[in-house]
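Engineer:
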Amino acid sequence: TRRVRTRDLIAAKERGERWAMLTSYDQYTASIFDQAGIPVLLVGDSAANNVFGYETTLPVTAEELLPLVRAVVRATKQSLVVGDLPFGSYEEGPAQALRTAVRFMKEGGCHAVKLEGGRRCAAQIEAINGAGIPVMAHIGFTPQSEHTLGGYRVQGRGEAAEEVLADARAVADAGAFAVVLEMVPGEVAKRVTAELAIPTVGIGAGPDTDGQVLVWQDMAGLRTGRAPRFVKRYADLAGALTDATRRFADEVRGGEFPAAEHTF
Ligand code: KIV
Ligand code: NA
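Mind the numbering: the sequence shown is residues 18 to 281 in full-length UniProt numbering, read in order.
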């Protein structure tokens, strides 16, 4: 088995095959997802919330993300690893974007990068892709611009569908190999997916995209509390870990752990 390439994802679209993508930020999850056959892993800037405990994705830096990218790459054999460019590391223009993307490839060792923005980032996508670095785009709701978008809201309702379409065409024309569609109406995602030759990856974008992505802690139920409507929990890791932790602490208090077999 070899590592997934961007052309495999285009070929999957041509065959009408769907695929799953997950975020990963560490070696154990990366290795499990790799072995489970997840073709694309994203070291998301959502590490801001899900690893570092920030309120939003805005504060996280390349210095914080790069060690996580390296860990995920080292732990995988088959998954294509995408490094997410953090807020502030590509908005100034193509030169800044290319500089950051090169850092992610050299220091992070990932196989592609991702950035947020449609038409406004076309020049950045062109510059990065032109340097031989595959780019995944991200349009619709883009968390790094939540303050201009007015919070976590569905994008592309009604007339605004044309804006999403225009962004999708722009990133595809600029050379993106795939595009994430976040929180757009299912009908809009379906139109984008039918029109573009490159794969679409939905999160809160309905059932008709080529791929689906979730933050792994949401998918596996490690994050508890209110989750967005697009999240489905496939496990209760928070519950399992709480149980294990309580039993460990109980057994220490009760003198049951360590037993003879754990003792030298
Ligand atoms: O950072 C992230 O987790 C993402 C995905 C949800 C697409 O950008
Ligand atoms: Na992200």
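For glycine and all other residues, C-beta sits at the position ideal for the given N, C-alpha and C. Given the structure is predicted, the values throughout are model-derived calculations rather than measurements.
Is the Cβ-Cβ distance between Asp101 and Asp51 less than 8 angstroms?
Structural biologist: No.
Engineer: At the 8 angstroms Cβ level, is Glu109 part of the contact set with chain E, yes or no?
Structural biologist: Protein chain content of the structure displayed is limited to a single chain, and chain E is not contained in it.
Engineer: Do Val201 and Val171 come within 8 angstroms of each other at the CB atom, strictly closer than that value?
Structural biologist: In contact: Val171 and Val201 (Cβ atoms closer than 8 angstroms).
Engineer: Glu212 by DSSP, collapsed to three states: which one?
Structural biologist: Helix, per DSSP.
Engineer: Once the 5 residues before and after Val86 are set aside, which same chain residues still bring their CB inside 6 angstroms of it?
Structural biologist: Within the same chain, Val86 has close Cβ partners Val60, Gly100, Gly125 and Cys127.
Engineer: When we look at the beta-carbon of Asp260 and count the other beta-carbons within 10 Å, is it buried (16 or more) or exposed?
Structural biologist: Exposed, because fewer than 16 other Cβ atoms sit within 10 Å of the Cβ of Asp260.
Engineer: By a C-beta neighbour count over all protein chains shown, 10 Å radius and 16 as the cutoff for buried, is Lys131 buried or exposed?
Structural biologist: Label assigned to Lys131: buried.
Engineer: Would you say Ala79 and Ala47 are within 8 angstroms of each other, going by their C-beta atoms?
Structural biologist: Cβ atoms of Ala79 and Ala47: not closer than 8 angstroms.
Engineer: Any heavy atom of the ligand NA closer than 7 angstroms to the CB of Thr117?
Structural biologist: Not so, every heavy atom of the ligand NA lies at least 7 angstroms from the Cβ.
Engineer: Let me know the secondary structure DSSP gives Thr117 once reduced to three states.
Structural biologist: Here Thr117 sits in helix by DSSP.
Engineer: Could you tell me which uninterrupted beta strand (DSSP E) segments, each at least 3 residues in length, are contained entirely in the segment 93-172, listed from first to last along the chain?
Structural biologist: Counting whole runs of 3 or more residues, the segment 93-172 contains the beta strand (DSSP E) stretches 97-101, 129-131 and 152-157.
Engineer: What residues sit near the ligand NA, counting only those whose C-beta is closer than 7 angstroms to one of its heavy atoms, in chain order?
Structural biologist: Ordered along the chain, the selected set is Gly61, Asp62, Ser63, Thr74, Asp101, Lys131, Glu133, His155 and Pro160.
Engineer: Relative to the ligand KIV, is the shortest distance from any of its heavy atoms to the C-beta of Val86 smaller than 7 angstroms?
Structural biologist: No; taking the cut-off as 7 angstroms, the Cβ of Val86 has no heavy atom of the ligand KIV nearer than that.
Engineer: State the Cα-Cα distance for the pair Phe194 and Arg24, rounded to the nearest angstrom.
Structural biologist: Each residue's alpha carbon lies about 8 angstroms from the other.
Engineer: Determine the contact status of Ile145 and Ala118, defining contact as a CB-CB distance below 8 angstroms.
Structural biologist: Taking 8 angstroms as the Cβ cut-off, Ile145 and Ala118 qualify as a contacting pair.
Engineer: For Glu180, report the span of its alpha helix (DSSP H) as first-last.
Structural biologist: Segment Ala178 to Asp190, the alpha helix (DSSP H) holding Glu180.
Engineer: So the candidates are Val68, Gly173 and Ala53; which of them puts its Cα closest to the Cα of Glu81?
Structural biologist: The residue with the shortest Cα to Cα distance from Glu81 is Val68.
Engineer: When the Cα atoms are used, what is the spatial distance from Pro275 to Ala266?
Structural biologist: Approximately 11 angstroms between the Cα atoms of the pair.
Engineer: Identify which residue in Gly135, Arg186 and Arg20 has its Cα closest to the Cα of Val98.
Structural biologist: The candidate whose alpha carbon is nearest that of Val98 is Arg20.
Engineer: Considering Met236, what are the terminal residues of the beta strand (DSSP E) in which it resides?
Structural biologist: First-last for Met236: Trp233 to Met236, but that is the alpha helix (DSSP H), not the beta strand (DSSP E).
Engineer: Tell me whether Ala37 sits in a helix, a strand or coil according to DSSP, three-state version.
Structural biologist: The answer is strand: DSSP assigns Ala37 an E or B state.
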